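Beneath this line is the structure, given in structure tokens, with notes to follow.
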Amino acid sequence: MAHEEYGCPCCQAGLGNLFAYDAADATAAEIRILPIGRRRFMAGASALAGTAVTTACGSSLLSAPPVAPELEARTRIYAGGTIMTVDPGFSRPEAMAVKGNRILATGSLEDVQAAAGEDADIIDLKGRTVLPGLIDPHTHILIGALMDQAMDYVGITRFSTTDEILDYIRHLDSERPENEWIVCRNYYPMLQAFEEPLGFSSLDKISGIRPIMVLNASGHIAYANQAAFMAAGIPDDVANPSGGEFVRDTNGNLTGEMRNQTTYSKVLGARPSGVGSAPADAVLKTCERFASLGLTTVSELGLGGLLRGAGDWEVLKQAGATGRLSQRI
């Protein structure tokens, strides 16, 4: 179907060429990469879903590791802060007792101590808040983890204006080796005010030699300098591909803005390989960061987006097999 050519890049393997995980690496990991169409992708997804269910009934490789034996044996009482149970009454008990990964009791400190026993450790929250683990139902944990390693984040939690982003890219240009690309992600122009939009006019001022590309937070728009277009072999008279657009100004000149992955994939495809961490390691690093933010369950909504099919499932299994996953996936 036509929409497959320019669908979500996270689900279409459009970003896979960013990462140092090529066919040779996949072979070493006993992962097969096959050309895939929509029918084969859906068949593979169904098979993977069945595998996931079967695994979940036994010992899941895609869940947080079991509680350490020394913690499993001890009971801890949390008190001295705000405990949000998120029960139907949204109650806030004074204390909570936990053993292993199970909550034993909530209520007054006196009642919880009685339920937990005399040997329970008491943890003083010192005014902090305890709440249930957060669940993110729309995550691209695999491709997102690799993007996290291979692209510089310039989103709204880091920069409030486009000028700040340009200053940051200028800083990167002064520090990076001359032949190294600069690729950034999560630019959000609706919230990051600008006087001059990203593209040739602004990015060429930073470098006319080094390729620079910035990916919009939507994943469907990107901006580059002329050096990136030259590296990709994109001529001034390039035709718009199906479902995409090389944006031009009122005089018909390219601006450096590219809409949908059928355009900017040409630029990313020219970037040398060898960028980023091994996929399983990248997943573990990202999961650690998610855990620090309170996320206990994340998802992968674009299975097949990196290695086109079962290869992605194998990468997640590799991460799970380490015993270091800090979330359910």
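Per full-length UniProt numbering, residue 1 is the first one in the sequence shown, and the count goes up by one each step. C-beta atoms are modelled at their ideal positions from N, C-alpha and C, and glycine is treated no differently. No experiment lies behind these values; they were computed from the predicted model shown.
- Contact check for Leu-306 against Ile-206 fails: the beta carbons are separated by 7 Å or more.
- Looking at the DSSP output, Asp-249 sits in no beta bridge, so it has no partner there.
- Its Cα nearest to that of Gln-192, the residue Asn-216 stands out among Asn-216, Pro-177, Glu-178, Val-238.
- Taking 8 Å as the upper bound for CB-CB distance, Val-183 and Arg-271 are in contact here, some 7 Å apart.
- Your pair Gln-327 and Ala-291 checks out as a contact, with CB atoms roughly 7 Å apart and the cut at 8 Å.
- Nearest to Thr-75 by alpha-carbon distance, out of Gly-117, Met-230, Gly-208, is Gly-117.
- Annotation: the continuous beta strand (DSSP E) that includes Met-258 extends over 254–259.
- Going by C-alpha positions, His-171 is about 19 Å away from Thr-157.
- The secondary-structure analysis by DSSP pairs Glu-300 across a beta bridge with His-140.
- DSSP assignment within the stretch 79–144 yields the following whole alpha helix (DSSP H) runs of 4 residues or more, N-terminal first: 109–116.
- If you check the CB distance, Gly-133 and Gly-81 do not come in under 7 Å.
- Membership of Arg-185 in the beta strand (DSSP E) is indicated by the continuous run 182–187.
- Under the three-state reduction of DSSP output, Thr-161 falls in the strand class.
- The alpha-carbon of Gly-269 is positioned some 33 Å away from that of Leu-295.
- Counting along the chain, Ala-310 sits inside the alpha helix (DSSP H) bounded by residues 310–321.
- Beta-bridge partners assigned by DSSP to Ala-193: Thr-161.
- Contact annotation: Ala-231 and Arg-210 have beta-carbon atoms that are not nearer than 7 Å.
- Pairing Ala-224 with Phe-246, the inter-Cα distance amounts to about 11 Å.
- Under DSSP, Ile-77 takes part in a beta bridge, and its partners are Ala-97, Ile-122.
- Leaving aside the five residues that flank Glu-257 on each side, the residues in its chain whose CB is nearer than 6 Å to its CB run, in chain order, Gly-199, Tyr-223, Val-247.
- Bridge partners of Met-213 according to DSSP: Val-183, Ala-224.
- Residue Leu-284 holds the alpha-carbon nearest to the alpha-carbon of Val-315 among Val-298, Leu-284, Asp-119.
- Under DSSP, the beta-bridge partners assigned to Asp-152 are Cys-184.
- Ranked by how close their Cα comes to the Cα of Arg-324, the residues Glu-288, Pro-235, Asp-249 have Glu-288 in first place.
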